[in-house]
Every structure is written in structure tokens, then in C-alpha cells.
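Worksheet: the structure to be examined is printed underneath.
2 protein chains.
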Amino acid sequence: MTERVEVRQSVLKENDRIAAELRTGFAGRQLLVLNLISSPGAGKTTILEGTLEALRATRRRTAVLTGDIQTERDAERLRGHGFPALQITTGGTCHLDAAMVQRALAGLPLDDLDVLFIENVGNLVCPASYDLGEDTKIVVLSVAEGDDKPLKYPGIFRRARLMLLHKIDLLPYTRFNREAAIADARRVNPDIEVVETSCLAEPGLGAWIRWLEARIEEKRLAGRPTRG
Amino acid sequence: MTERVEVRQSVLKENDRIAAELRTGFAGRQLLVLNLISSPGAGKTTILEGTLEALRATRRRTAVLTGDIQTERDAERLRGHGFPALQITTGGTCHLDAAMVQRALAGLPLDDLDVLFIENVGNLVCPASYDLGEDTKIVVLSVAEGDDKPLKYPGIFRRARLMLLHKIDLLPYTRFNREAAIADARRVNPDIEVVETSCLAEPGLGAWIRWLEARIEEKRLAGRPTRG
Numbered sequence: 000m001t002e003r004v005e006v007r008q009s010v011l012k013e014n015d016r017i018a019a020e021l022r023t024g025f026a027g028r029q030l031l032v033l034n035l036i037s038s039p040g041a042g043k044t045t046i047l048e049g050t051l052e053a054l055r056a057t058r059r060r061t062a063v064l065t066g067d068i069q070t071e072r073d074a075e076r077l078r079g080h081g082f083p084a085l086q087i088t089t090g091g092t093c094h095l096d097a098a099m100v101q102r103a104l105a106g107l108p109l110d111d112l113d114v115l116f117i118e119n120v121g122n123l124v125c126p127a128s129y130d131l132g133e134d135t136k137i138v139v140l141s142v143a144e145g146d147d148k149p150l151k152y153p154g155i156f157r158r159a160r161l162m163l164l165h166k167i168d169l170l171p172y173t174r175f176n177r178e179a180a181i182a183d184a185r186r187v188n189p190d191i192e193v194v195e196t197s198c199l200a201e202p203g204l205g206a207w208i209r210w211l212e213a214r215i216e217e218k219r220l221a222g223r224p225t226r227g
Numbered sequence: 000m001t002e003r004v005e006v007r008q009s010v011l012k013e014n015d016r017i018a019a020e021l022r023t024g025f026a027g028r029q030l031l032v033l034n035l036i037s038s039p040g041a042g043k044t045t046i047l048e049g050t051l052e053a054l055r056a057t058r059r060r061t062a063v064l065t066g067d068i069q070t071e072r073d074a075e076r077l078r079g080h081g082f083p084a085l086q087i088t089t090g091g092t093c094h095l096d097a098a099m100v101q102r103a104l105a106g107l108p109l110d111d112l113d114v115l116f117i118e119n120v121g122n123l124v125c126p127a128s129y130d131l132g133e134d135t136k137i138v139v140l141s142v143a144e145g146d147d148k149p150l151k152y153p154g155i156f157r158r159a160r161l162m163l164l165h166k167i168d169l170l171p172y173t174r175f176n177r178e179a180a181i182a183d184a185r186r187v188n189p190d191i192e193v194v195e196t197s198c199l200a201e202p203g204l205g206a207w208i209r210w211l212e213a214r215i216e217e218k219r220l221a222g223r224p225t226r227g
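Protein sequence lines correspond, in order, to chains H and E.
Position one of the first sequence corresponds to residue 0 (numbering that gives the first Met the number 0), numbered consecutively onward.
Position one of the second sequence corresponds to residue 0 (numbering that gives the first Met the number 0), numbered consecutively onward.
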């Protein structure tokens, strides 16, 4: 088992090295990069579909990398919204790593983007450990999943800047305790921001789009770092 | 990366060895062992709570091992139903393995049980690869997760004997296509059985309990293997 732990540590160290390279490259382009993490079926792809439509309206230049074990389905769905979307098929691996992202970036017009979404493999556990060079991790929690998730999967809630409390329209049909879920998320991460969203009914994605536009604007104003 | 693959293969081989030992031990006791796998929040623990109540009524001797990354919450919930329930806290590992189960079994009255439920860590990916010596893997898919899961996570749907299509009462509030989900599950596993369930409204757990009682009865009639 020691051998296993050592291999994992060396894998994570190599991942961090590549992620640091990616981060430098993103910063030099004032490119906002968001890493979306959730359980399978929490609603990441559907949120991204609505988000791409909103960003098309405000003329934000956008692209998506979407991770999946096997299929190309999500990229096909996302390409329908007028922006480049590339699938990273992990072939069984339960998370994206920085090297997979680095390889996929070759297919994207990085110099001409304002925001890049990385949709991770549906998994609340493993993706939390892999830095992809993003500005921010975002955790999506569907109210259909139950309010106990922040304490059961603290790793991702600790590392995320934002929790999207999604499918909030299902609240009346579940036993989800919204106050308890938010309080628990803040127990593991006092700074976590919370935005409520839904795609099939009110309140929609408005509050999330406003949060996102503010982050894109911050990044744009951050200024291109001077280079030698 | 080769080193990583080799370590993973040797870990899985050692796991299979322990799982084979466990399976022999379970068979010798005519003990039915079910390994429940799903996304986080699909409803495994709530299904088990209802199941334990039903099995108490039919006087089936039952126990639960429940896996979690961090907390003891699920075992506490399950112990409220009058049967032994032990938590396996994996400390960050995203699945149960056979060695964890073997260690936990020391705390259970194996000779006095009809059925043992192993509730895996909430994760559709990694738990599918680890044999725990069970008779049957069961995949729980909540309709709130979307109908694309069987093709996106084929590993577990291929290995499961039964799919519980759960929270079926949420069907009217989602875009879940029940026929497509079942057809896709059968594309990856033509033999998979499907039972629809819900805990908060009709149809309840009746069909699942009947399926389960039939399996317990089969196992009881399978006869104790002769020993030297």
C-alpha cells in the first residue's frame, strides 16, 4: 500500500507542475477558467447549455472542454450553442488531470477567448484533488441529491469558491433542507459563495450569469502581466 | 504512467483474491450479499432504511456495511432500524475494496444473517471495478440524474444484475426519458433487470422488496455446500 501512496503522490506532484504551467498561460491571456465539478447528473451540461446561450447574447467568447469516461455526448450537446466544445474521453479514468487539459487545449483558439469552462467527469470525489490550472472550482449540488453532501464530500466543498444549488425547483418534492446544506457547506468552507439555479423552471440561471459576468469582467480588468 | 497502471493492476489482483475468499465465506453461510452502487445522492441510504423496515416485518436477519469518505452519518441513520450497521470510513478513497469489507466483517454476526447489504461510496465510476465478494451488484439511478447515465457510465451498468430506477415520483418534474434509459442500460447489459422505486410517494419500494425476498429465498434454498 505504501507503493500505491507514493505513486499517487508523484502523480499529483506532476499534475501540479503542469497545472502551474496552464495557469500561467491562462493568466497571460486574461482568460477566465472555471472547473465545474459535481455528481453524475447534477446538471452541469444543462447549466452550460443555458450559460452558452446567455454568453452569446453578451458576446463573450467562450469555449468548453468536457470530460467523460466514454461518450462524446456532452460535447455534441454543447456544440449546438455556437461555441467550440471539445470532449476529453478519459477511457475509464474518473477525473480530468492537467495533462489531459493541456493536450486538449491545442484544439482551442485560446488567444481569442474570454472564458473557458472545464466540465469535469461526474464524480464528487476524485476530481477535487486535481488542479487543472483553473481560476476557480465550482461545485454543483442538485437538491435531488440530498442536503448531506457538503459533510459527506468535504474535499470539493472546501476547494470550491462557488456552490450552485441547482434544480432548486425540485425543492417542494424532496426533503432537502436548504438552510442545513448551506450551513454545512460553510462549516467546511466559510468563504464559499452560494447561488441558486434551475433550468426547467424559475428562478432560472440569472443569478449565476450575473456572478459569471462579474468574474469575466474582473479578469479582463486584471490586466495583461508585463513580459520580459 | 506505466508504473501507475502496473500498481493499479496489482491492486485489483490482490482485491480479487480477497473477494474470492469473502465469496466462499458468504456461500458457506447461505448469506445473500448485495453491493449497492450509485452517484452521490441517488438514494441508497433512504432505500436501505425502507428496506430494513420491510425485512424486519418478514423477520429476515439483516446487516449493513456502509461506505463513506468521511462521516458516520449513514450508519447512524441505518442503526435506527433495529439491525447492525457499520460504517467503513475510507478516509478519502473513492470506493470500497475487499480488504475494507473483510476487516469490517469482524464486527458482524455473519452466522446469524440472511442478507448483508454493502452500501458503496457514492460514485458511479470507481466502485464498479472492485469486487467485494457480493452475489450481485445493484445500480441505483435516480431519475433526477438524467437518462444519459447508462451510456456515460457503462462499467457499472454492465456489471449490475439490477437497476433500481429511483425517485420515479420526480418523473413529471424532469426531462428523464424512462424508455431511453432502460433501452440504453440494456444496450450495455442485455440481462439487466429493472425495478422502479420511490421513497416519498407512490409506487414505493414494494416491487424491490419482492425482488429481494425472491433472492433471499433462492439463496436459502441453494443449500449449504458440503465440507470435507
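Even for Gly, the Cβ is constructed at its ideal location relative to N, Cα and C.
Query	Result
I want to verify the contact list: residues of chain H whose CB lies under 9 Å from the CB of E/LEU47, in sequence order.	Near E/LEU47 there are no residues of chain H at all, since even the closest Cβ is about 14 Å away, more than 9 Å.
Given that H/VAL100 touches chain E, what residues does it touch there, using C-beta distances under 9 Å?	Within chain E, no residue comes near H/VAL100; the closest Cβ sits about 16 Å away, beyond 9 Å.
Please list the partners that E/ASN188 has in chain H, where partner means a Cβ-to-Cβ separation under 8 Å.	Result: empty, since nearest Cβ-Cβ is about 14 Å, beyond 8 Å.
Quick one: measure Cβ to Cβ for E/GLY228 and E/ASN14, integer angstroms, because I've assumed they're closer than 8 Å.	The question about residue 228 of chain E has no answer here: the residues shown for chain E are numbered 0 through 227.
Does H/LEU45 come out as helix, strand or coil in the three-state DSSP assignment?	For clarity, residue 45 of chain H is Thr in the given sequence; the question names Leu instead. Helix.
Using a Cβ-Cβ cut-off of less than 9 Å, give me the residues of the region 46 to 65 of chain E that come near chain H, in sequence order.	none
With 7 Å set as the bound, which would you pick, yes or no: does the beta-carbon of E/LEU169 sit closer than that to a beta-carbon of chain H?	yes
Please name the residue, chosen from H/ARG214, H/LEU220, H/ALA221 and H/CYS198, that lies closest to H/ALA33 on a Cα-to-Cα basis.	Rather than Ala, the amino acid found at residue 33 of chain H in this sequence is Leu. The residue with the shortest Cα to Cα distance from H/LEU33 is H/ARG214.
Along the chain, where does the alpha helix (DSSP H) that runs through E/GLY66 open and close?	Here E/GLY66 belongs to no alpha helix (DSSP H); instead the beta strand (DSSP E) covers 61 to 67.
Please classify E/PRO39 as buried or exposed, where buried requires at least 16 neighbouring CB atoms within 10 angstroms.	buried
Name the chain H residues whose beta carbon is nearer than 7 Å to that of E/ILE68?	VAL124, LYS151 and TYR152
Are E/LEU131 and E/TYR152 close, meaning C-beta to C-beta below 7 Å?	no
Go through its chain and collect everything with a Cβ distance to H/ASN176's Cβ below 7 Å, but skip five positions before and after it.	ASP146
So what's E/GLN29 in DSSP terms, helix, strand or just coil?	coil
For E/MET0, count neighbouring Cβ atoms within 10 angstroms of its own Cβ and tell me buried if that reaches 16, exposed if not.	With a pLDDT of 47 at E/MET0, under the threshold of 50, the modelled position of this residue cannot be trusted; read the value that follows with caution. Classification of E/MET0: exposed, given that the 10 Å Cβ count is below 16.
Candidates H/GLU178, H/THR50 and H/VAL139: which alpha carbon is nearest H/THR163's?	Before going further, note that residue 163 of chain H is Leu rather than Thr in the sequence given. Out of H/GLU178, H/THR50 and H/VAL139, H/VAL139 has the C-alpha closest to the C-alpha of H/LEU163.
Please list, in chain order, the chain H residues whose beta carbon lies closer than 8 Å to that of E/ARG174.	LEU199
In three-state DSSP terms, what is E/PHE116?	strand
With distance defined between alpha-carbon atoms, name the residue in E/PHE25, E/LEU54 and E/ARG72 nearest to E/GLN101.	E/PHE25
Using the three-state DSSP reduction, which class does H/MET0 fall into: helix, strand or coil?	Residue confidence for H/MET0 is low, a pLDDT of 48 falling below 50, so the modelled location carries little weight; the figure read from the coordinates is stated next. In this structure, H/MET0 counts as coil in the three-state DSSP scheme.
Over the uninterrupted beta strand (DSSP E) stretch that includes E/LEU234, give me the two end residues.	Coverage of chain E is limited to positions 0 through 227, which leaves residue 234 of chain E absent and any answer about it impossible.
Check whether the region 200 to 209 of chain H and the region 46 to 66 of chain E touch, using three or more Cβ-Cβ pairs below 8 Å as the test.	no
Alpha carbon to alpha carbon, what distance is there between H/LEU112 and H/ILE137?	20 Å
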